[in-house]
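K.L.:
Following this message is one structure expressed as structure tokens.
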Amino acid sequence: MSAIGVVSSCSHLRPGVWLLKPGMQKMSSFGLHTAARCAAKDYYEVLVLGGGTGGISMSARMKRKVGAENVAVVEPSKTHYYQPLWTLVGGGAKQLATSARPTGSVMPKGVEWIKSRVTALDPDKNCVWLENDIKIKGLPEGFHHPKIGSNYSVHTVEKTWKALQDFKEGNAIFTFPNTPVKCAGAPQKIMYLSEAYWRKTGKRSKANIMFNTSLGVIFGVKKYADALLEIIKERNIAVNYRRNLVEVRADKQEAVFENLDKPGVTEVHQYEMLHVTPPMGPPEVLINSPVSDEIGWVDVDKETLQHKKYPNVFGIGDCTNLPTSKTAAAVAAQSGVLDKTISLVMKNQLPTKKYDGYTSCPLVTGYNKVILAEFDYNAQPLETFPIDQSKERVTMYHMKADMMPFLYWNALLKGYWGGPAPVRKLMHLGLK
Ligand code: UQ1
19 MSAIGVVSSC SHLRPGVWLL KPGMQKMSSF GLHTAARCAA KDYYEVLVLG GGTGGISMSA
79 RMKRKVGAEN VAVVEPSKTH YYQPLWTLVG GGAKQLATSA RPTGSVMPKG VEWIKSRVTA
139 LDPDKNCVWL ENDIKIKGLP EGFHHPKIGS NYSVHTVEKT WKALQDFKEG NAIFTFPNTP
199 VKCAGAPQKI MYLSEAYWRK TGKRSKANIM FNTSLGVIFG VKKYADALLE IIKERNIAVN
259 YRRNLVEVRA DKQEAVFENL DKPGVTEVHQ YEMLHVTPPM GPPEVLINSP VSDEIGWVDV
319 DKETLQHKKY PNVFGIGDCT NLPTSKTAAA VAAQSGVLDK TISLVMKNQL PTKKYDGYTS
379 CPLVTGYNKV ILAEFDYNAQ PLETFPIDQS KERVTMYHMK ADMMPFLYWN ALLKGYWGGP
439 APVRKLMHLG LK
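Position one of the sequence shown corresponds to residue 19 (this note's numbering), numbered consecutively onward.
If you want it as structure tokens, here you go:
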């Protein structure tokens, strides 16, 4: 019996129910599950779990009591069955189809249908957890077809280069998902490289380049966003905001995007090349873990990196809920702070050194050009060099392509690179 109509409290003494969506999948891999799609709200006065007989009839009753906008039903099945008829179907007296109706058609009008599955209940906190089973339809299988790649997985990064070289004529689409990602600049860096490559090989006029992003802005720091928008204009690239990739039909070279401002409304684009940035999130082991926040990120103090509840636990890197962009440069700066924090905690002292959220994104805008974005928790530029880093520069390209790998292998991994703060101080004569 799938029809379990569990109805939460709707009295004024107890609050309603929160929906939690661990949602995404671990950073930088495809497959398994994601939660690209979310419910319209994450809180309902009445939440009905299961859209069977009990669930649907109770949602109709609760709609009359508290109003449709305050009721939601969690039900993964697309079809609702009138099961009593199955006696006759089994006996050959009725066709199975006569017992079936689309779930959407039995949902009371105005009540939200959350197309997901409940994985855990937390009645003490009035929370339910939803499954992360909404992946990009058609992936990762679609990667077996040519014309599609992703720089975000070791299995697909070389497919990007192949698709780029094989490009003949048509749409080149670059995506940004509806989740946090590792290095938020990377989804557009490959677009600028592609544009430059097609210019170099005489194919630029054959390419209609599109950046379809779930976000409402091109980049979170205004100084660099302004510079990028100039480049986008100059290079004749189309940006479509609030567009989330929900399906890839690789055999037909079609990509389907949902308009996040009009849930349920989709657009289909034919592509000659598609670069996918997959939805990302915390690793499975951290979801619902005692060290994690509601989403599944390790819950640490944003300045000391010490766990908020367990003083002998610390966090660094992509798995944490530090509200900054997830990059290797951020890890470098965090490693310096965390070293100090742990040293003091080991001596039973309080941590003193504070992480300012420093992160850096070398925005590759061509085969010899980089805008070196560096910023802090407040999305304010925090630049190492005393020059305008929002300009495209050849020197910064060499720093990214030639110097950074050396610094990474020989200094950061060996624990000798805690980020560029000392260089910045020197460059700014101690003023920054
Ligand atoms: C950095 O520290 C770092 O970590 C090694 C990176 O990752 C590869 C970077 O991309 C950048 C830009 C920095 C910052 C370093 C300087 C010298 C600005």
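Don't be surprised by glycine CBs; every beta carbon is placed ideally from N, CA and C.
So what's residue 435 in DSSP terms, helix, strand or just coil?
P.N.:
Here residue 435 sits in coil by DSSP.
K.L.:
Nearest to residue 86 by alpha carbon, out of 66, 185, 99?
P.N.:
That would be 66, whose Cα lies nearest to the Cα of residue 86.
K.L.:
Hey, would you say the C-beta of residue 438 is under 7 angstroms away from at least one heavy atom of the ligand UQ1?
P.N.:
Yes, the Cβ of residue 438 comes within 7 angstroms of a heavy atom of the ligand UQ1.
K.L.:
What are the boundary residues of the beta strand (DSSP E) that includes residue 261?
P.N.:
First-last of the beta strand (DSSP E) with residue 261: 261-267.
K.L.:
Work out the CA separation of residue 111 and residue 140 for me, nearest whole Å.
P.N.:
Looking at the two C-alpha atoms, the distance is approximately 44 angstroms.
K.L.:
Compare the C-alpha of residue 105 against each of 405, 116, 411, 223 and name the closest.
P.N.:
Closest by alpha carbon: 116.
K.L.:
Report the rounded CA-to-CA distance for residue 435 versus residue 359, giving the unit in angstroms.
P.N.:
If you take the alpha carbons of residue 435 and residue 359, they lie about 16 angstroms apart.
K.L.:
Would you check if the distance between the CB atom of residue 299 and the CB atom of residue 316 is smaller than 8 angstroms?
P.N.:
Cβ distance not < 8 angstroms, so residue 299 and residue 316 don't count as in contact.
K.L.:
Could you pull the start and end residues of the alpha helix (DSSP H) that residue 108 belongs to?
P.N.:
Segment 104-108, the alpha helix (DSSP H) holding residue 108.
K.L.:
Assuming residue 77 and residue 120 form a contact by the criterion Cβ under 8 angstroms, report the distance between their Cβ atoms to the nearest whole angstrom.
P.N.:
Incorrect: roughly 16 angstroms between the Cβ atoms, too far for contact.
K.L.:
Nearest-angstrom Cα distance between residue 91 and residue 388?
P.N.:
Straight-line Cα distance between these residues: approximately 48 angstroms.
K.L.:
Do the region 187-197 and the region 247-264 make contact, defined as three or more Cβ pairs closer than 8 angstroms?
P.N.:
Touching, yes.
K.L.:
Just to confirm before moving on: does the CB-CB distance between residue 225 and residue 236 stay below 8 angstroms?
P.N.:
No. Outside cutoff.
K.L.:
So what does DSSP say about residue 155, is it helix, strand or coil?
P.N.:
Three-state result, residue 155: strand.
K.L.:
How is the alpha helix (DSSP H) around residue 244 delimited, first residue to last?
P.N.:
240-252 is the extent of the alpha helix (DSSP H) around residue 244.
K.L.:
My assumption, with CB atoms under 8 angstroms, is that residue 375 sits in contact with residue 394. Please give the rounded CB distance.
P.N.:
Right, their Cβ atoms sit about 4 angstroms apart.
K.L.:
For residue 207, verify whether its CB is less than 7 angstroms away from any heavy atom of the ligand UQ1.
P.N.:
Residue 207 Cβ: outside cutoff for every heavy atom of the ligand UQ1.
K.L.:
Suppose you measure from the CA of residue 379 to the CA of residue 344; what does that come to, to the nearest Å?
P.N.:
So the alpha carbons of these two residues sit roughly 9 angstroms apart.
K.L.:
Return the chain-ordered list of same chain residues with a C-beta closer than 6 angstroms to the C-beta of residue 276, the five sequence neighbours on each side being excluded.
P.N.:
The answer, listed in chain order, is 262, 264, 284.
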